[in-house]
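Everything on this sheet refers to the single structure shown next.
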Amino acid sequence: MASELLNRFESVQQVRDGLRDINYLADDGIAGVAYLADRLGKPVLVEGPAGTGKTQLAKSVAEFTGARLIRLQCYEGMDESKALFEWNYKKQLLRIQADKASDSWTDIHDDIFSDEFLLTRPLLEAITADDPVVLLIDEVDRVEVETEALLLEILSEYQVSIPELGTIEAKQIPLVFLTSNNTRELSEALKRRCLFLHVDYPSMEREREIVLAKVPGVTESLAEQIARVVRSIRSLDLKKAPSVSETLDWARTLLLLNIETIDETVAKETLHILLKYQTDIAKAAKDLSVDE
Amino acid sequence: MSATETRSMLDLLNGFVVQLREAGLPVSLTENLDAMDAVQHIPIEDREAFKYALGATLIKNQAHWRSFETVFEVYFSLRGPEYKLANADGESSELDDLWREMQDASQEGDGRGGAGSLDALTPEEIAHLLMQALMQGDQALMKALARQAVQRFAGMEPGRPVGGTYYLYRTLRNLDLDGMLAKMADAANHGQESDAGRLEQRLEREEFEHRITEFKAEVEAEIRRRLVADRGAEAMAKTLRKPLPEDVEFMHASREEMVSLRKALQPLTRKLAARLARKRKHGRKGPLDFRNTVRHSLSYGGVPAEPKFKYPRPAKPELMVVADISGSVAAFARFTLMLVYAISNQFSKVRSFVFIDGIDEVTDYFKATEDITEAIHRVNTEADVVWVDGHSDYGHAFEVFWERYGKDISPKTTVLLLGDARNNYHASQSWVIKEMRMKARHVYWLNPEPKSYWNTGDSIVGEYGNFTDGVYECRNLRQLEGFVEKLA
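Protein chains in written order, with the numbering used here: chain A, 1 to 292; chain B, 1001 to 1488.
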């Protein structure tokens, strides 16, 4: 491997405390895997339901380590010209047309395939950066299986090969996070290169802590109640269980409405903030009112 | 880490990986090396961190996590002094010490409840203490009590060839946790003023239920620990091995497995739908889209540098599902219907019929509600499927189907027949299938029985199968998913 491993973290506990300081509450698994990722110089594949703080993890780690966050949002039909690099065709065309007479063909040929005409895209940018960076490859499950292959070189060797220029190696090994909502099975090749981290809905205690940390002004008892109700709703058979971000929205709403204790009516009237499907709302409302 | 310690660690990890592979979890060589690398960076006394380090490097699929955890608990179970590694040489005993250290560290916290003094208590006092621990959520006391309960009630004897479930049953029967739940709810209500809302009561109750589940898990873990100490980790790992959800057979799933199946079904349908939508879009490239190409050439000064193509949009098939819902195959029919309706936007139209010896159309149940589970429930309770005696009669059901709905089968229709074709020796009426196939685009038969059982006893799947485009064995979710993907 080209460059030195940076030991950014000293211990698992340090990672956890550091993240806590910037209001990201990591559990054992999250802190442990982030620590290992740094020590082993391997990317982390973060998987889990939507809205459980996968993207936020990368952002928080970047903030904690004081690194710049470079984000590659994946989408269907993404190709290397959007992920790695692209030649600036229009500029090249202009260059050729600008002084047709003066230059010989070889000059132009060498000239138009130089750095000046190279557009760096997130992956290349992360590798060539001089300052510390955290690379976030968001929703990697959205790209096609064939496109995944683009990522393999950078994930295992931390380098990018450009046919016209040669191989560009990383100056430093960035921390890399890939997130996936698990809408399809990722390829074995990709998974093998990564550490795997599953981020699930938090336990009740952790969720209460998250509410307390993220929503200023909320009281302990309200946070406790919120976490309990959300856990209760998650145990139902729903199309889409409430995510952490929806829990936080709900907490903020209750705060705005000056509600201090949640009773049945309040819960039912504000359900639409937690749940996004009409059938789910109806089901939860029915369930909350039936008391066996 | 010293060299010998590294060696023995390597041996230990290798043994662990072998166990994982035997439990059906795929672990590649590089992953094994990564795990070795990872544990060097983890302080070995920290059992949780150790587990997560191994999990992050060896397990790359959330569905496998539970199996991993079980194998981990057994393989790295706390090894008591009475138990030595079978091939104990100098190195591994050093390792044993290491584990024992870990175990002591992790037990120090638990012992606070005064495990020693618990021995002297009467069963009533134990029950009372447990109730207190559960109500206050006192983790340490709960753990100590779990240990005490197993020691007292399970009646475990060395070498007895009985499974862990038996001991679990014996222990829990003596504790009467259901009764305790009711008592706890009562006590909680008396303790507070009664103006606590119904919601509050309900949440309180759920909290207690949650703690009781935790306690049960602790009892289970304790029994497992003792069994491992008695029989050895390798032997235990074999008996505790559970099939992955996608490999559970529909026809023999226990209630617990059914729940995990239903949970596994949802992400599976989501994946399937995403994959199918993508396949439809990106399957082939069509002819050149001239307009689009010219439009994009403008940014290159009129040079058509980026050719654009039209994407063909193939017609979606129409689907008719005809399912046997008699007892033996009901679960299979339910899962197939759920799966088909979850991806129903991949078909232009889905109609479903269920039968035992009579047949009934149930399409409207699915139309009326978005909630598939509710629709399935209505199918099971409201559909009129019994004609004479409520034993499967495929012949009669097919005959009526042909009479009533045969005219709706068109060359665009794909017909799915679900069932084990155990016809109770009635007339087969297989001419219906033959006629069906002449009219329909495809006719497929899905059979939840293993292939080796086909055409034995009263199963006549071969006779029907001759007239279909294929008979497929669908014993588990994996096979079902494979078939449905092919279909759409």
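For each residue, glycine too, the CB sits at the ideal point set by N, CA and C.
Note that the coordinates shown come from a computational prediction; the quantities given were computed from them, not determined experimentally.
Could you pull out every residue in the same chain whose Cβ sits closer than 8 angstroms to the Cβ of residue i, ignoring the five residues on either side in sequence?
| i | result |
| --- | --- |
| B/Trp1065 | Gly1055 and Ile1059 |
| B/Val1150 | Met1156, Tyr1167, Thr1171, Val1219, Glu1222, Ile1223 and Arg1226 |
| B/Phe1309 | Lys1285, Gly1286, Pro1287, Leu1288 and Asp1289 |
| B/Glu1382 | Tyr1365 |
| A/Glu148 | Val140, Leu186, Ser187, Ala189 and Leu190 |
| A/Arg231 | Met204 and Glu207 |
Please work out which residues of its chain come closer than 7 angstroms, Cβ to Cβ, to residue i, disregarding the five sequence neighbours upstream and downstream, and give them in chain order.
| i | result |
| --- | --- |
| A/Gln56 | Tyr24 |
| B/Glu1481 | Leu1268 and Leu1272 |
| B/Ser1392 | Asp1324, Ser1326, Ile1356, Asp1357, Arg1422, Asn1423 and Asn1424 |
| B/Asp1364 | none |
| B/Tyr1083 | In this prediction, B/Tyr1083 has a pLDDT of 36, which is less than 50 and means its spatial position is unreliable; nothing more can be read from the coordinates. |
| B/Val1303 | Ser1297 |
| B/Val1388 | Asp1357 |
| B/Asp1458 | Arg1422, Asn1423, Asn1424 and Tyr1425 |
From which residue to which residue does the beta strand (DSSP E) around residue i run?
| i | result |
| --- | --- |
| A/Phe177 | Leu175 to Ser180 |
| B/Ala946 | Nothing about residue 946 of chain B can be reported from this structure: the residues present for chain B run from 1001 to 1488 only. |
| B/Lys1349 | Lys1349 to Phe1355 |
| A/Ser161 | Gln159 to Ile162 |
| B/Asn1466 | Looking at the DSSP string, B/Asn1466 is not in any beta strand (DSSP E), and its letter there is neither H nor E. |
| B/Tyr1444 | His1442 to Asn1447 |
| A/Val44 | Val44 to Glu47 |
| A/Phe85 | Phe85 to Trp87 |
| B/Leu1025 | No beta strand (DSSP E) contains B/Leu1025, which DSSP labels as neither H nor E. |
Return the CA-CA distance between residue i and residue j, expressed in angstroms with no decimal places.
| i | j | result |
| --- | --- | --- |
| B/Glu1220 | B/Leu1168 | 6 angstroms |
| B/Leu1416 | A/Lys240 | 30 angstroms |
| B/Ile1372 | B/Glu1473 | 24 angstroms |
| B/Leu1446 | A/Ser235 | 33 angstroms |
| B/Thr1173 | B/Phe1076 | The question names Thr, but residue 1173 of chain B in the sequence shown is Arg. Distance between the alpha carbons of B/Arg1173 and B/Phe1076 is about 29 angstroms. |
| A/Asp115 | A/Tyr89 | 13 angstroms |
| B/Val1329 | A/Gly66 | 59 angstroms |
| B/Glu1108 | B/Lys1143 | Confidence at B/Glu1108 is low in this model, with a pLDDT of 46, below 50, so its placement is unreliable and no value can be given for it. |
| B/Ala1140 | B/Ile1212 | 14 angstroms |
| A/Thr183 | A/Val140 | 10 angstroms |
| B/Gln1148 | B/Thr1165 | 18 angstroms |
| A/Cys194 | B/Trp1454 | 44 angstroms |
| B/Gly1390 | B/Ser1348 | 33 angstroms |
| A/Lys286 | B/Glu1204 | 19 angstroms |
| B/Leu1177 | B/Gln1201 | 19 angstroms |
| B/Gly1080 | B/Ala1146 | Because the pLDDT of B/Gly1080 is 44, which lies under 50, any placement of that residue in the model is unreliable, and the question is left without a value. |
| B/His1396 | B/Tyr1464 | 14 angstroms |
| B/Leu1337 | A/Val44 | 37 angstroms |
| A/Asp200 | A/Thr52 | 7 angstroms |
| B/Thr1413 | A/Cys74 | 37 angstroms |
| B/Ala1315 | A/Lys276 | 32 angstroms |
| A/Asn7 | A/Asp131 | 15 angstroms |
Start and end of the alpha helix (DSSP H) containing residue i?
| i | result |
| --- | --- |
| B/Tyr1052 | Arg1047 to Leu1058 |
| A/Ile137 | That residue, A/Ile137, is in no alpha helix (DSSP H); its beta strand (DSSP E) goes Val133 to Asp138. |
| B/Arg1198 | Arg1198 to Arg1231 |
| B/Glu1361 | Run containing B/Glu1361: none in the alpha helix (DSSP H); it sits in the beta strand (DSSP E), Ile1359 to Glu1361. |
| B/Leu1029 | Leu1029 to Gln1040 |
| A/Thr128 | Pro122 to Thr128 |
| B/Ile1433 | Trp1431 to Lys1439 |
| B/His1296 | Phe1290 to Ser1297 |
| A/His198 | Not the alpha helix (DSSP H): A/His198 falls in the beta strand (DSSP E), residues Leu195 to His198. |
| A/Gly166 | Looking at the DSSP string, A/Gly166 is not in any alpha helix (DSSP H); the run it does join, the beta strand (DSSP E), is Gly166 to Glu169. |
| B/Leu1337 | Ala1330 to Ala1342 |
Apart from the five residues on each side of it in sequence, which residues of its chain come closer than 6 angstroms, Cβ to Cβ, to residue i?
| i | result |
| --- | --- |
| A/Tyr35 | Phe9, Val12 and Val15 |
| B/Arg1000 | Because residue 1000 of chain B is not part of the residues shown, which for chain B are 1001 to 1488, the question remains open. |
| A/Ala126 | Ile70, Val133, Leu135 and Pro174 |
| B/Lys1486 | none |
| A/Leu155 | Pro43 and Arg193 |
| B/Glu1361 | Phe1353 |
Are there three or more Cβ pairs, one per stretch, closer than 8 angstroms when the region 174-181 of chain A is compared with the region 117-136 of chain A?
-> These segments touch.
Just list the alpha helix (DSSP H) runs in the region 213-285 of chain A, keeping only unbroken ones of 4 residues or longer that don't cross its boundaries, in chain order.
-> Taking 4 residues as the shortest admissible run, the region 213-285 of chain A contains the following complete alpha helix (DSSP H) segments, listed from N- to C-terminal end: 220-234, 244-256, 264-269 and 271-274.
Run through the region 52-77 of chain A for me and flag every whole beta strand (DSSP E) of 3 or more residues, listed as ranges in chain order.
-> Listed in chain order, they are 68-73.
Report yes or no: do three or more beta-carbon pairs, one from the region 221-237 of chain A and one from the region 259-271 of chain A, lie closer than 8 angstroms?
-> Yes, they touch.
Is the region 117-124 of chain A in contact with the region 74-85 of chain A, if contact means three or more CB pairs nearer than 8 angstroms?
-> Segments in contact, yes.
Would you check if the region 273-288 of chain A and the region 238-254 of chain A touch, i.e. whether three or more CB-CB distances between them fall below 8 angstroms?
-> Here the region 238-254 of chain A makes contact with the region 273-288 of chain A; the two share three or more CB pairs at distances below 8 angstroms.
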